[in-house]
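Number of protein chains: 2
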Amino acid sequence: MGHTVTFFPGSITAEVRDGETVLDAAIAAGVPVNSVCGGKGTCGKCLVIVDGPSESAPGVLSADELALGYRLACQTVVRGDMTVFIPEEAQVSEHQILASYRGREAPNLTPLTEVRKLDLAAPSLEDNLADLERVACALGDPQLIIPLPLLRSLPAILRESGWKLSIMLSRPDGVERVLTIEKGSKDIPNYGMAVDIGTTTVVAELVDLNTGRTVAQASDYNHQLVCGEDVLSRISYAEEKGGKRLTELVVDTVNGLIAQLCAERDRKRRFHPGTCDEDIASIVVSGNTTMIHTLLGLDLRNIRYEPYIPVANVPPVLTASELGLRAQPDAPVLCVPGRAAYVGGDITSDILLSGMHLRDELALLIDVGTNGEVVLGNKDWIIGCSTSAGPAFEGGEVACGMRAMTGAIDKVSISEREISVSTIGNAKPRGICGSGLIDLIAQMFSAGYLDKKGRIDTASSERVRSSGRGMEFVVHPGGSRAIAVSDDDIASVIRTKAAIYAGCAVLLQTVDKRFTDLDRVYIAGGFGSYIDIENAQTIGLLPDLPRERFELLGNASLGGAKLCLMSEAMRREARDIYSMMTYLDLSSSPAFFDQYSSALFLPHTDMEQFPTVRGRLAGRKAPGA
Amino acid sequence: MGHTVTFFPGSITAEVRDGETVLDAAIAAGVPVNSVCGGKGTCGKCLVIVDGPSESAPGVLSADELALGYRLACQTVVRGDMTVFIPEEAQVSEHQILASYRGREAPNLTPLTEVRKLDLAAPSLEDNLADLERVACALGDPQLIIPLPLLRSLPAILRESGWKLSIMLSRPDGVERVLTIEKGSKDIPNYGMAVDIGTTTVVAELVDLNTGRTVAQASDYNHQLVCGEDVLSRISYAEEKGGKRLTELVVDTVNGLIAQLCAERDRKRRFHPGTCDEDIASIVVSGNTTMIHTLLGLDLRNIRYEPYIPVANVPPVLTASELGLRAQPDAPVLCVPGRAAYVGGDITSDILLSGMHLRDELALLIDVGTNGEVVLGNKDWIIGCSTSAGPAFEGGEVACGMRAMTGAIDKVSISEREISVSTIGNAKPRGICGSGLIDLIAQMFSAGYLDKKGRIDTASSERVRSSGRGMEFVVHPGGSRAIAVSDDDIASVIRTKAAIYAGCAVLLQTVDKRFTDLDRVYIAGGFGSYIDIENAQTIGLLPDLPRERFELLGNASLGGAKLCLMSEAMRREARDIYSMMTYLDLSSSPAFFDQYSSALFLPHTDMEQFPTVRGRLAGRKAPGA
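Which chain is which? The protein sequence lines are D and S, in order. Residue numbering for the first sequence is 1 to 625, as defined by the numbering used here. Residue numbering for the second sequence is 1001 to 1625, as defined by the numbering used here.
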C-alpha cells in the first residue's frame, strides 16, 4: 500500500510504502534534510513537524520538543498520506562553502584535453604517409588512439578542409586519444571541470582549457547528506539499502553544478545557452575514498571494516557517459589517486597544491574537513594518517552545532565578561559552526569559565545554568531553543581536537621529530580556512608555533584537482605522491592512544608543548584571578 | 517494381529492382559468382544461363557461347522473376587454398591475450594495498586498465575466491587491459585467431594461447569476389555502390571461418559446441591495405588515385564487437601494419616470418598473390614496391586461366613433343592456374614452340591452331570449350612476369646492387608455393640464381599474423618493419618502364642475366633444332 508524503517548504512529494520512514521519503524525494547519524535516531538533526497518519519514537528529543510538535524524520513511520514540514534548523540552507584556495600554480598548460590545430602538407607520391599517420606524426605521437567512427570520417575531413583541421585530444596517461576532429584550424571549445567532492560540500570550477582561465565556480551540498552526514553513515546506508542511491545522489549533485557552471559561463560570455554540457571535455575529481567509491559505484563495505581496503586508490580513467555525468560522452574523468580508505585523493590534492613533496623543509599538513587527515613529510618521504576526528567541527555531536551556513556563529570573543559573536550572513544566530566553537572554547578557557579538563565552572558566569544535560553555557538566548554549550558538547570538541593533535604527534614520533622541528604547517579543508589560529592553539588543536609557519591553503582539494586538470606534470606528481606516501593506521596504535589521552586537556597535559599559550593564559588570567 | 531471381544450384533467391543486373542479384544473395573485372563485361568470367524476362548484352562472349545459352551475369538486366543457372566454370568451387607456411617461430609465448593466475596475499593493516592495486602489483603492471563493470565486481570476486583468481589480459601495445576475471586460479579458455584476408582467399588459424598450439585451420574464398576479383575492381565497386557491402561480405567470410574453426576444435576436443565464439579472445588480421580498409569500413577512394593514400597503415587496435566479428565482444583486433596503399600488412607479415629484417644478408622477397609486391633489404634498411602485376597468375586476363581450384591444370611438362599435365584434385581439366601457366610457357619456349617475344610458332606443333583470337596452342581438348592459350594469353603472362622482375630490378638498381648480390630470395603468397622455380627462371619471372638461395615461405601473411598473435616481441618487430621500410612508387618511374620493357621477352633481352637458362636452352634446343 503506497502513501504520498508532501514536504514543505517546497511542496515536494514522494510515494513510499507503508512502514517506511519520513527520512526514507525525504531521500526518495531528494529533499535535503539534515542527518548526521544516517537514520539511527541518535543525532537529533532531522527535526520535522508532521501532519497525518504516522507513528513516531521520541529518539533523542526532549519532552519539551515533543510537546512543540517536533519529531525525528528517521523515527517516524508513514502510515498514510501525510504532510511534513521541515523547520529551518533541519533544512540545508544558504551555506558558506569554501571554493577559494592558494598554493602552487600549473607550470605550463598541458591540460587533460587539449586542442591542437594542424595545417598539414597535402600528400604526394614522395610524401605518402597515410591519413592517420600524417595526423599522428604532426601531433608528434605515433601511438595516437582514435575511435573507429572518427577514423572513418578522417579522410573526408582532411580533404574537404584543405588539410587544415583541429583535433581535441585527451591524454590521461601520456597516451593520446582523439575526442573530436573538426575541419579548419580553429579553437574548438575545450572546457574542463575540476570538482572537489566532499562528504558535506561539493565545489566545482570550470576552466577554459584553451587559455587556462577559470570562467565559473559553483558549489552545493552533497545531496548524499540525506543518507547521513559522515562517511561511516553513508557506508552504513549503502550496506543496508545498497549503494545505488548514493551514486545517483552524488552524480545528481555534480550534474547540478555542471548546469550552474554552464549558466554562469553563458551569462559571462553571452553564449547561446544549452550547448555547454557538450563543451565540457574533461573532468578531474578530487575527493575522499568513500566519495570516489560512491561516484564510481564501487562497493563501500571493505572500507568500513578492518583492514579497511578500498576497491581502488588509483581508479582507471573513465568517461563521463560511463558515470552519467553531463559532459561530452567520451570526456575523460580522472580521479586524483588516494592512498588509503581514510586518506583519499583529496589529501593528495592538498599535498600537490602545497608543494610540500618537493621541498627540503619538514612540513605538516592538516585537513580539517568532515574527517581529520594529517600528513607529514618533505621531498624524500611522506607519511599520512586519518584521525577519525569526528564531526564536532561540522555541526555533529554538539547540540547547538551546525555547518557553516547562514545564521551560524562563526566568531566569538569574550572580554571583560562580555561576549560578542558574529554570524554568517549577519543573520539571526541559529547555532555554532566549527570556527565559532574553537573561538568559544578558547575564549571561555582564557576567561576562566573552563578548567583544564574543559568542565564549566558553575560559578564563573551568570550565563552558566543547569539544563537537562548537566551544566551549560548560554552563548545566545536564541529563539525557541537557546544556543548553549554543555559539558558534553565541550568534551566532544576536545575529543576531536585531541585526535587531530595526537595524529600529528604520532607522525612526528614515528620519524623521531618534534613539533618544533616543523618548518611549515599547512591547513587545508573548508573549515580550516576560517580558523583563528591563536584560539586553535589555545585549545591545543594546532601546535604552538609562530604564526608565520602556518599557511592556509583553503579548498586545496579543489585546487589540486585543477592543477591535475591543467598540467601533465601535475598529474604525474599526483601519482608520485600516491607512490611515495606511507599510510599509518592509527586505529590499533598504542602510541596514538597515549598521545590522544595526553591531549584530552586544554591545551594539553604537557604544557611544555604550549609555551606561548601558557604565557598568554598567565597574562590574561591575572586580572580576573 | 521488384523481381525475384533464383539461383541454381542451391536454389537461393534474391529480390532486386527492375533494371538491376543478375550480378547485382548474385551479390545481394551472397551467391559466389566468378567476376574478375567487377561487372564491366570485359573478363567473361561471370557466365550464367538465364531463364525468364531479361535483356543481355553479349560482352566478350562469342557467337558460339551465346548460342549455347551463356550470358554474362553483369551484362544481363532483370526484367521479371527469373531463374539463373551458374555453370561449373563460373562457380567458386573446391579450392586449393594455401594455409601452410614455414619460417621463424615466436621466441616466447607472450600472446595478445594472456591468462594470468594469481594467488594473492589477503590484505592486512600492514599490507593495505587497495584491491585494484593489489592485482596490478601482482601482475607487475601499475598502469593496468580495467573496465568499470569489472572493477565493480572485483572486491566480491577477490573475497569469495579466497584471493585466488584468474585474469585474462589483452595487451596490444604494452598497455594491459583486463578482459575477464574469474574466481579461482585456473586456465580460462584463451583462443586467438590469426587470419590472412587475401583479395581472393581468406585463411584462418585458431591457436590455444594458453599453450601456443594450433588447434584448427580453415579457409574460404573471400565472399567479396562477387564484387570483382582484384583490388581495383573492389574499389570501383565501393565507389559506385558504397563500401558497406564489401565490409559485410568480408566480415561474413571471417565469421564463417570462425564457425569452421570452432566446429573443428569442438570435434577434436569434444567440447560442447556453441561456446567457441566467446572463447576467441584475440584476433590478428593480416591483409593488403584494401582488404584491411574494407574490414574496418574505411574509405577506399584515395587508395585508387594518385598519390594513393590509405586512411591508415597502422590502424588502431579495435574490438571484435566494433567490427561485427563473432568473438568475445571486447576481444582486441590487431591489424598487422602495412606500409602503403599497395604494400600492405600482408607484406609486413611476410617479412616478419622470413626474418630478413634481422640479418646482414641481402634478401629479396617476392609475394606473388593477386598483386605482385617486392621487397629488398637487410637488417639496416628495407625498400618495397608494388608492381601492379595483373591477375594473369590468378586466372585473370587469360581466356582459359582459372584460380587454383579443382580441375585446374597446375603442372605441365613437354618432352619429345608430348605434353603431360596434372590437375588439382586429379579432376577433369577445366582451365590452367598460375603455376600451370608458368610451366606451360616455359616448356613451350624450351621446346621451341614460342619465340623470344612469346609468339606461337605456327608450324611448331599440330596443337597450334587458328582461332577467333589469333593463333592458339591447345593444351587439352576439354569439353564444350578446349583449353588453349593464345598469343594474347601468353602476352598477358609475359607482362605480369615482366612487371615483377622489373620491380625487383628497380629495387636493386636503387641501392646499386645486382641480382647476383642477393644472398636469399623469399617467395611468399598462395601461388608462390606451387611454382616450379626452374620454369619460373626460364620465363624470366625469377632471377637466375642457384636453387638453394630460394626459400618458399608459403602463406607467410598468415604465418606473420600468427607470430603477432603469439608474441609481444613480434608485434614490436612488425611495427619496426613498418617504420624502417621505404616505399618506392613505380607508377611514374622511368627506371621501371625501362626495366619492364627489357623484361618483356623470354626470359629477358639481356641474356647475361640468365646464364643458366641460356645454357639449358642451348642444351635442350639442340636435339629438336
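Quick reminder that beta carbons are idealized off the backbone N, C-alpha and C, glycines included. Predicted model only: the values in this text are computed from it and were never measured.
Would you kindly work out how many angstroms separate the C-alpha atoms of residue 1346 (chain S) and residue 139 (chain D), rounded to a whole number?
27 Å
Closer than 9 Å, Cβ to Cβ, to anything on chain D: give me those residues from the region 1249-1268 of chain S, in chain order.
none
Here's the rule: buried if 16 or more other CB atoms are within 10 angstroms of the residue's CB, otherwise exposed. What is residue 381 (chain D)?
exposed
Under 8 Å between the Cβ atoms of residue 388 (chain D) and residue 499 (chain D)?
yes
Applying a beta-carbon distance threshold of less than 8 Å, which residues of chain S neighbour residue 298 (chain D)?
1151, 1152 and 1155
Any beta carbon of chain D sitting closer than 8 Å to that of residue 1145 (chain S)?
yes
Taking the alpha carbon of residue 416 (chain D) as the reference point, which residue from D:408, D:446 and D:245 has its own alpha carbon closest?
Distances from the alpha-carbon of residue 416 (chain D) to those of D:408, D:446 and D:245 put D:446 closest.
Residue burial classification, residue 64 (chain D) (beta-carbon count within 10 angstroms, cutoff 16)
exposed
Three-state class that DSSP yields for residue 132 (chain D) in the structure shown:
Of the three classes helix, strand and coil, the one that applies to residue 132 (chain D) here is helix, per DSSP.
Cβ neighbours of residue 1057 (chain S) in the same chain (closer than 6 Å, five flanking residues each side left out)
1075
Counting only C-beta atoms, is residue 1148 (chain S) closer than 8 Å to chain D at any point?
yes
From S:1574, S:1566, S:1518 and S:1561, residue whose alpha carbon lies closest to that of residue 1549 (chain S)
S:1518
Label residue 19 (chain D) either buried or exposed according to how many other C-beta atoms from any shown protein chain fall within 10 Å of its C-beta, with 16 as the threshold for buried.
exposed
Excluding sequence positions up to five away, which residues of its chain have a Cβ less than 6 Å from the Cβ of residue 284 (chain D)?
194, 334, 561, 564 and 565
Just by C-beta distance, which residues in the region 1305-1318 of chain S are closer than 9 Å to chain D?
For the region 1305-1318 of chain S, which is checked against every Cβ of chain D, the residues closer than 9 Å are 1306, 1307, 1308, 1309, 1310, 1311, 1312, 1313, 1314, 1315, 1316, 1317 and 1318.
Assign residue 1027 (chain S) to one of three DSSP states: helix, strand, or coil.
Correct three-state label for residue 1027 (chain S): helix.
Cut-off 6 Å between Cβ atoms - residues of its own chain near residue 122 (chain D), not counting five sequence neighbours on either side:
Cβ neighbours of residue 122 (chain D) beyond the five flanking positions: 163.
Just to make sure I have the definition right: I need the residues of chain D whose C-beta is within less than 7 Å of the C-beta of residue 1173 (chain S). Which are they?
143
For residue 1246 (chain S) versus residue 1294 (chain S), is the C-beta distance shorter than 8 Å?
yes
Exposed or buried, what is residue 1101 (chain S) when buried is set at 16 or more other beta-carbons lying within 10 Å of its beta-carbon?
Taking all protein chains in view, the Cβ of residue 1101 (chain S) is crowded by 16 or more other Cβ atoms within 10 Å, so the residue is classified as buried.
Interface positions of the region 114-145 of chain D facing chain S (Cβ-Cβ less than 7 Å), listed along the chain:
123, 124, 125, 128, 130, 131, 132, 133, 143 and 145
State the DSSP-derived secondary structure class of residue 625 (chain D), mapped to helix, strand or coil.
Residue placement at residue 625 (chain D) is flagged as unreliable, the pLDDT there being 37, under the threshold of 50; the coordinate-derived value follows with that caveat. DSSP, reduced to helix, strand and coil, places residue 625 (chain D) outside both helices and strands of the structure shown, so it counts as coil.
Closest to residue 221 (chain D) by C-alpha separation, out of D:249, D:205 and D:208, would be which residue?
D:249
Let me make sure I understand the geometry here. Which of S:1252, S:1205, S:1451 and S:1104 has the alpha-carbon closest to that of residue 1553 (chain S)?
S:1104
Along the beta strand (DSSP E) that carries residue 1164 (chain S), what are the first and last residues, could you check?
1164-1170
Strictly under 8 Å for the Cβ-Cβ distance: is residue 1623 (chain S) near chain D by that measure?
Low local confidence applies: a pLDDT of 42 at residue 1623 (chain S) is under 50, so the model's placement there is unreliable, with the coordinate-based value given in what follows. For residue 1623 (chain S), the answer is no, since every Cβ of chain D falls outside 8 Å of its Cβ.
Contacts around residue 1014 (chain S), its chain only, beta-carbon distance under 6 Å, and the 5 residues preceding and following it disregarded:
1005, 1025, 1028 and 1029
Could you please tell me which residues of the region 1332-1357 of chain S, in chain order, have their CB closer than 7 Å to any CB of chain D?
1340
Is the region 485-498 of chain D touching the region 396-405 of chain D in the sense that three or more CB pairs, one from each, lie closer than 8 Å?
In short, these stretches touch, since the Cβ pair count reaches three.
Might you give, ordered along the chain, the residues of its own chain that have their beta carbon closer than 8 Å to the beta carbon of residue 8 (chain D), omitting 5 neighbours on each side?
83, 84, 85 and 86
So the alpha helix (DSSP H) residue 445 (chain D) belongs to, where does it begin and stop?
434-446
Between the CA atoms of residue 1410 (chain S) and residue 1428 (chain S) - distance to the nearest angstrom
12 Å
For residue 1186 (chain S) and residue 1166 (chain S), believed in contact at Cβ under 8 Å, the rounded distance:
5 Å between Cβ atoms; contact.
Determine the burial state of residue 69 (chain D): buried for a count of at least 16 other Cβ atoms within 10 Å of its Cβ, exposed for fewer.
exposed
Please identify, using Cβ separations under 7 Å, the residues of the region 1587-1614 of chain S that lie next to chain D, in order along the chain.
1588
Which listed residue (D:241, D:217 and D:292) has its alpha carbon closest to that of residue 263 (chain D):
D:217
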